[in-house]
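> The structure is given below, and queries will be raised subsequently.
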Amino acid sequence: MRLLLFVVLAVLAGVPALAEVPAIPRFRIVGPADGLPSTMITAIAQDRAGYLWMTTGDGLIRYDGAGFKVWRNDPADPRSLRSNLLQAIYIDAQDRIWLALGGAGVAMLSADRATLTAYLPEKVPELSFGDVYAIAGRGDEIWFGMSTGNVLRLDAKGTFTSLDLAKMDEPLAPSAVYALALDDRDRMWIGTLGGLAYHDGLAAHRVHPDGDDSGINALQWVGQRLWAATDTGLRYMDPSGVWHTPSWAPMFAAGNRVWTVADAGDGEFWLGTEQGLWHTRPGQPPVPVNNGDSPLVSNRHVTTIWRSPHGGIWVPLHGRGLAYLREDWRRTAAFKQVNDQGKGLSCSLAPAARSGGLWQFDGNGRLLRYDTSSGALIQTGIQAADLGTMQITTALEDSRGKLWLASGEYGLSRLDLHTGALEHFSDEGPAEAALWIGEPGDGTVWAAYEQVIQQRDLATGRLLETIDQQHPHGLTEVVSPQIRKGPDGRMWLSAFGGMYAWQAATRRFVSVPGLKTDETLQAFVVEDATHLWLYRAGSLERWSSDGAVWKRERRIRSAEGFPAMDAYGLERDGAGRLWMSGPRGLWRIDPRTPQARIRSFGVRDGLTSLEFSHRCLMMARNGVLMGGTADGYTVLIDTQAPDVPSFTPAMRLETVSVQLADRRRMLPIRGGFSLSPDDRQLRINMRLLSFVDPMANRYRTRLSGFDTGWVDHDASGMREFSSLPPGDYVLEMQGIDPLGNASKVQTLEFTVNPPWWRSRLGIAVMVLVGMMLGVLLAAAYRRRVRMRAQWQLAQHKRELAEQASQAKTRFLATLGHEVRTPMTGVLGMSELLLQTPLDGRQQGYASAIQSAGKHLLRLVNDALDLARIEAGKLALDDRDFDLRQLIRQVVDLVRPSAEQKQLAFECHLDESLPRALHGDANRVQQILLNLLFNAVKFTERGQVRLRVLPLQAGGGGIRVEVSDTGPGMSEEQRGRLFQRFEQAEGGRTTTRHGGSGLGLAICRELAAAMGGSVGVSSALGQGACFVVELPLRWVSTPAPSTTAVARAVPPVHQAPLQLLLVEDDVTVAQVIVGLLQGRGHHVTHVLHGLAALAEVSARSFDAGLCDLDLPGLDGAALVAQLRARGVRFPIVAVTARADADAEPQALAAGCNGFLRKPLTGDLLAQALAQVLADDAMDTAPPETPV
């Protein structure tokens, strides 16, 4: 006969009759590590907003679930608390907080928590005789219980009145008032050390609780009962006014007196006593409350308990902190198994399928049944030594009443629950322990190992089939995440490749139609004969069968609320909800709604660990979910327990602030504020006042005009905007607790002001400025268009002028070329004519012809110079030249003209002048000759004077002064003197003295080209003085030069020469031949280059003269070809060209000299003498040193 002995674990034994799991509360402790400022909590209350307020021995604390705020005494702040020792708290109907201060009277914190009002003993005489121990309220009245026995009332007008308990019909002796309580009949109960009384609004009346006159230590109206704690025990008064003394009341006499009572629901109560926290049970004595496996409080006073409106309780633990127990704490139980060898590394659960509960084994091998409803261990009378050492990995109680056990020590074992016989099958299985054991109902039992599956006879245990890698029996690979009875009664297994079912006829696993996949199916659970749920990574799916093929009809993805984790177990409860365990906790998925409701269960739900053991989740027939966690605990969850009724938690704005420069500015939480453009980092801190699991609270916000949808936030409850565009905004905010309860949507309205330039005034100013700018831009555009048109016109005119200038230049050049050729004939012939015998009249005619020709030649040269200047093609030939030699040549040329007019001519050179200058000697000579000839021409009597001075005192440049004693000029004449084609007296001057009016203009242009200037000072009748300033560089020694200025070879009588003349113009040729023959030379004339080549080949010549503009082979090419043939005699180029490039090109071709037409006999003689002398020097042998 088996004896049933009930052994109660060290857990709560008293549970409600309908409870499905043992009552094992697990408190959440909020301590100093979480920021709790003090553990010396004396009283707790909750305000209308939902904040939890605590009085302590070190100030007032407010808790919002995530953080704490403290009010303390500050000696420097008279508005702070006058004492940190707080003994009582009461929150009135106006949400004001009343505080009892040790030795400092009473303080009241206003409803907006901004003002602290002190009722000091020195100002309120009624408070001067002792401390306040208790505070309560009735209507608009606030009641205070004093240590002296006085009871004070503060009415709505702020007037204190005292209630004298000694004046009752049955007076109470003065003694400390420890408790005040208001019942449902609006009576104020007063508990003193002398006894109990109540005030009904008119008078006070004495009461003897159940005949006991002991002093009252605590007094509370809880659960429609008035609880009174005395030194003799605990009593209560029911709603009818009858007092009751429980049988266990003496447990709470002196030494374990009750300080506080709280409703625990279902007729149960929490008791805070001198010895900790206790729990009452209907019909049974109260028991001390543990926190899981260990005591919650050890010999410590629990002076207050606060029960939230939704059932959770707060219990202060002196020295530890504040303990919180959730309202749904009865749903979950976690305990350590007796003699658990698995230690959480394997699943040691052995469900008692028929009797309910769990099978367990103690260290002696005795079989025990754990009642999952009461937590009791029941002895079965069965004992086997091997049971005490088994490390069970999985177990199954079969339909025949036998318990199959898998362990690493014995492999597969079977225990007969009727006889206690134990047998092992270790010799027929793999070395490792089985992971799954299942019974399909066909008289067999299956055991799945890591890579082996066995089928055995249920009655005898005989091995029927072994499925392994060598004998896969239809499987792709023998690795099974799960094996269990399928919806059709056959054994199903999930594996890589899909779902397989055992086909007894062929003795092999076949793929289930429609459930073939390339993924691994981690877990499955059967719903009914045509529906099942299966899980693959990140996806929970419902499949249905039409009898032939399975089809998926719903998929719940992990994105809907559960993590994409590996499933260690999958079960389904009686309500159709799915329970899935894994490495991240336990998840409940309710698919009964279109949007699946998903909830997680973790440590704050009563679990001891988030990590579950592999293949360790089972559903009992009574709806209790059993599982094992990695820390070795067994978890029981009552899946039939109702969820906490939904409610609307309060959410509050804690702070609203913004960053301005280097400081943070607080803003009103009611909104309506405006942000400046410089404000940054708008930060909103929200707090959901739901204490179920504050760290799992979630928040979401939506800023209209900014967010496209709701933005989720974590438990910090903070939303921050770095910057916002200008505009009006409404921020919607909502908090959601872990149970899915959502707060009301709150709004915060504010405005972000634009920068001044985007404000209305700024926009108006900018519009005005824009209009002005538009007008200005239009005007500027019109001006630009006009200027562009003018520029285009000027450009066009310039182009036309350039074209005209180029045309004029080309015309003048052509004209000069064409004039020089006939001028050669005119001047040459006149010179030849003058060499013949003529009478006086004929001599005059010939001289007039020659003079007119020379004048015409000067006009042409001036015109050509002007054309070069206008075209910007005036090139200066800068080189060193002898200054004094140049001045002597100029003087020699001008003096005859001056003497002819009987004018005195003076020349003065400063002694400090250098010997040489660097510049264009020809152009300097041209300027001086032009000025001097003008002076001679316009001076009728007197003198012409030339002075040459240094330009600077220290050296550098020259200053030339040409002065005369002529008629002088007026200011108006001087103003137009240097203009082209202008003379002093205009046409009168031209008529009287001749000239083109270009000389002075050319002089000024030439001086400007050399960096200098030409000026004049004159007055009518006082002559004129022209000043030329040329900044020419001084040179100590002139370099050798072949120019006419630097080396003038005087005409000499030469021996007759054999000369070759190449000239295509017959007249010019006659002139040149005549001039040369007149000097005794023999001249051979040819008309073109080919004839010249022939003559050179046939005869030898002393020198040659060649025109550059020849028909066919031009002169430069002819000279080059002659030089190429070795002809060495000197050749002088003769041309009518006026361009500056003619001479360098001729010299480069091989010419030795250069002459421009028209020519005279002297020019020809000098040129020939020069080239012959140069040739003689080049060919002379070097001197032999002596």
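Residues -19 to -1, 1 to 1167, numbered by mature numbering (1 follows the signal peptide of the UniProt record, and there is no 0), are exactly what the sequence shown covers, in order. All C-beta atoms in this analysis are idealised placements derived from N, C-alpha and C, irrespective of residue type, glycine included.
(1) Using three-state DSSP, classify W691 as helix, strand or coil.
(2) Report back the beta-carbon spacing between G20 and L298 to the nearest angstrom; my notes put them in contact at under 8 angstroms.
(3) Alpha carbon to alpha carbon, what distance is there between H1063 and V807?
(4) Could you round the C-beta distance between G993 and L1011 to whole angstroms and report it? I think they count as a contact, below 8 angstroms.
(5) Quick one, are the C-beta atoms of A885 and G949 less than 8 angstroms apart?
(6) Short of 7 angstroms in beta carbon distance, which residues of its chain neighbour Q907, apart from the five on each side in sequence? Order them along the chain.
(7) Any idea if N280 is buried or exposed, counting beta-carbon neighbours within 10 angstroms, 16 or more meaning buried?
(8) Rounded to whole angstroms, what's the CA-CA distance from D709 to Q662? Just pull it up for me.
(9) Find out if the Cβ-Cβ distance for the pair I294, A243 is shorter than 8 angstroms.
(10) Would you call the region 313 to 333 in contact with the region 611 to 619, where contact means no fewer than 3 C-beta pairs closer than 8 angstroms?
(11) Across the region 142 to 151 and the region 162 to 181, are there enough close Cβ pairs to call them in contact, namely three or more that are closer than 8 angstroms?
(12) Does the region 319 to 329 come close enough to the region 580 to 588 that 3 or more CB-CB pairs lie under 8 angstroms?
(13) So G956 is in the beta strand (DSSP E); what residue range does that whole segment cover?
(14) With a cut-off of 8 angstroms on the beta carbons, I'd call R381 and L439 a contact; round off their distance for me.
(15) Thinking A117 and A162 are a contact (beta carbons under 8 angstroms), I'd like their distance in whole angstroms, please.
(16) Can you list, in chain order, the residues of its chain with a C-beta nearer than 7 angstroms to that of residue 1207? Leave out the 5 residues immediately preceding and following it.
(17) The beta strand (DSSP E) spanning I294 covers which residue range?
(18) Pull up the CB-CB distance for G302 and V11, whole angstroms please, since I reckon it's below 8 angstroms.
(19) For T241 and L80, I'd like the C-alpha separation in whole angstroms.
(20) When the Cα atoms are used, what is the spatial distance from R904 to G937?
(21) Starting from the C-beta of A548, find all residues in its chain whose C-beta is less than 6 angstroms away, skip the five residues before and the five after it, and write them out in chain order.
(22) Is the CB-CB distance between I123 and D73 below 8 angstroms?
(23) Measuring CA to CA, which of M169, F250, D167 and Y159 is closest to G204?
(24) Which value, in whole angstroms, describes the spacing of the CA atoms of S156 and F49?
(25) Does any residue of chain C bring its CB to less than 8 angstroms from the CB of G392?
(26) Give the range of the alpha helix (DSSP H) segment to which V1047 is assigned.
(27) V530 bridges to which residues according to DSSP?
(28) Just list the alpha helix (DSSP H) runs in the region 1076 to 1144, keeping only unbroken ones of 4 residues or longer that don't cross its boundaries, in chain order.
(29) Would you tell me roughly how many angstroms separate the C-alpha atoms of A30 and Q265, rounded to the nearest one?
(30) For the beta strand (DSSP E) containing A160, list its first residue and its last residue.
(31) Which residues in the same chain as W208 place their Cβ atom closer than 6 angstroms to its Cβ, once the five residues preceding and following it in sequence are excluded?
(32) What residue from V605, A761 and M714 has the CA that sits closest to R651's CA?
(33) Return yes when the Cβ of T629 is within less than 8 angstroms of the Cβ of N722, no when it is not.
(34) Less than 8 angstroms separating the beta-carbons of T284 and T23?
(35) Could you tell me which uninterrupted alpha helix (DSSP H) segments, each at least 4 residues in length, are contained entirely in the region 180 to 230, listed from first to last along the chain?
(36) So if DSSP puts H405 in a beta bridge, which residue, or which two residues, is it bridged to?
According to the structure data:
(1) Translated into positions along the sequence shown, residue 691 becomes position 710. DSSP places W691 in coil when its eight states are reduced to three.
(2) Counting from 1 along the sequence shown, the entry for residue 20 is found at position 39. Counting from 1 along the sequence shown, the entry for residue 298 is found at position 317. The sequence given here places Thr at residue 20; Gly does not occur at that position. Confirmed, about 7 angstroms.
(3) In the sequence shown, residue 807 corresponds to position 826, counting from 1. In the sequence shown, residue 1063 corresponds to position 1082, counting from 1. Those two C-alpha atoms are separated by around 23 angstroms.
(4) Locating residue 993 in the sequence shown gives position 1012, counting from the first residue. Locating residue 1011 in the sequence shown gives position 1030, counting from the first residue. Contact flag correct, Cβ pair sits at about 4 angstroms.
(5) Position 904 of the sequence shown, counted from the start, is the residue given in the question as residue 885. Position 968 of the sequence shown, counted from the start, is the residue given in the question as residue 949. Contact flag unset, no.
(6) As a working note, residue 907 is residue 926 in the sequence shown. For Q907, where only same-chain residues beyond five positions count, the Cβ hits under 7 angstroms are L987.
(7) Along the sequence shown, one-based indexing puts residue 280 at 299. Flag for N280 reads exposed.
(8) Here residue 709 is taken as the residue at index 728 of the sequence shown, counted from 1. Here residue 662 is taken as the residue at index 681 of the sequence shown, counted from 1. Whole-angstrom Cα-Cα distance: 17 angstroms.
(9) In the sequence shown, residue 294 corresponds to position 313, counting from 1. In the sequence shown, residue 243 corresponds to position 262, counting from 1. Going by C-beta atoms, I294 is nearer than 8 angstroms to A243.
(10) yes
(11) yes
(12) no
(13) Taking the first residue of the sequence shown as 1, we reach residue 956 at position 975. No beta strand (DSSP E) holds G956; the alpha helix (DSSP H) holding it covers E952 to G956.
(14) Locating residue 381 in the sequence shown gives position 400, where the first residue counts as 1. Locating residue 439 in the sequence shown gives position 458, where the first residue counts as 1. Yes, they are in contact, since the Cβ atoms of R381 and L439 sit about 7 angstroms apart, within 8 angstroms.
(15) For the purposes of this step, residue 117 is taken as the residue at position 136 of the sequence shown. For the purposes of this step, residue 162 is taken as the residue at position 181 of the sequence shown. With 8 angstroms as the limit, A117 and A162 qualify as a contact, their Cβ atoms being about 6 angstroms apart.
(16) There is simply no residue 1207 to check, as the chain begins at -19 and stops at 1167 in what is shown.
(17) Within the sequence shown, numbered from 1, the residue matching residue 294 stands at position 313. Its beta strand (DSSP E) spans residues I294 to L298.
(18) Locating residue 302 in the sequence shown gives position 321, where the first residue counts as 1. Locating residue 11 in the sequence shown gives position 30, where the first residue counts as 1. The Cβ separation is near 5 angstroms, so the contact holds.
(19) Taking the sequence shown and counting its residues from 1, one reaches residue 241 at position 260. Taking the sequence shown and counting its residues from 1, one reaches residue 80 at position 99. The straight-line gap from Cα to Cα measures roughly 18 angstroms.
(20) Taking the sequence shown and counting its residues from 1, one reaches residue 904 at position 923. Taking the sequence shown and counting its residues from 1, one reaches residue 937 at position 956. Roughly 18 angstroms separates the two Cα atoms.
(21) In the sequence shown, residue 548 corresponds to position 567, counting from 1. So the qualifying residues of the chain are Q503, A504, Y516, M561 and G563.
(22) By one-based count along the sequence shown, residue 123 stands at place 142. By one-based count along the sequence shown, residue 73 stands at place 92. Against a cut-off of 8 angstroms, the Cβ pair of D73 and I123 comes out as a contact.
(23) Translated into positions along the sequence shown, residue 204 becomes position 223. If we check each option's Cα against that of G204, F250 comes out closest.
(24) One-based indexing of the sequence shown puts residue 156 at position 175. One-based indexing of the sequence shown puts residue 49 at position 68. If you take the alpha carbons of S156 and F49, they lie about 37 angstroms apart.
(25) Here chain C cannot be found, since the structure has a single protein chain.
(26) Within the sequence shown, numbered from 1, the residue matching residue 1047 stands at position 1066. That run of the alpha helix (DSSP H) goes V1047 to Q1058.
(27) Here the question's residue 530 lines up with position 549 in the sequence shown. DSSP lists no partner for V530.
(28) 1096 to 1105 and 1123 to 1130
(29) For the purposes of this step, residue 30 is taken as the residue at position 49 of the sequence shown. For the purposes of this step, residue 265 is taken as the residue at position 284 of the sequence shown. C-alpha separation (whole angstroms): 38 angstroms.
(30) Numbered from its first residue, the sequence shown carries residue 160 at position 179. Unbroken beta strand (DSSP E) run through A160: V158 to L163.
(31) In the sequence shown, the residue the question calls residue 208 occupies position 227. Result list for W208: Q201, Y217 and V242, in chain order.
(32) Along the sequence shown, one-based indexing puts residue 651 at 670. Selected option, being the one with the closest Cα: M714.
(33) Position 741 of the sequence shown holds residue 722. Position 648 of the sequence shown holds residue 629. Cβ distance < 8 angstroms, so N722 and T629 count as in contact.
(34) By one-based count along the sequence shown, residue 284 stands at place 303. By one-based count along the sequence shown, residue 23 stands at place 42. Cβ distance < 8 angstroms, so T284 and T23 count as in contact.
(35) none
(36) Taking the first residue of the sequence shown as 1, we reach residue 405 at position 424. In DSSP, H405 forms a bridge with S394.
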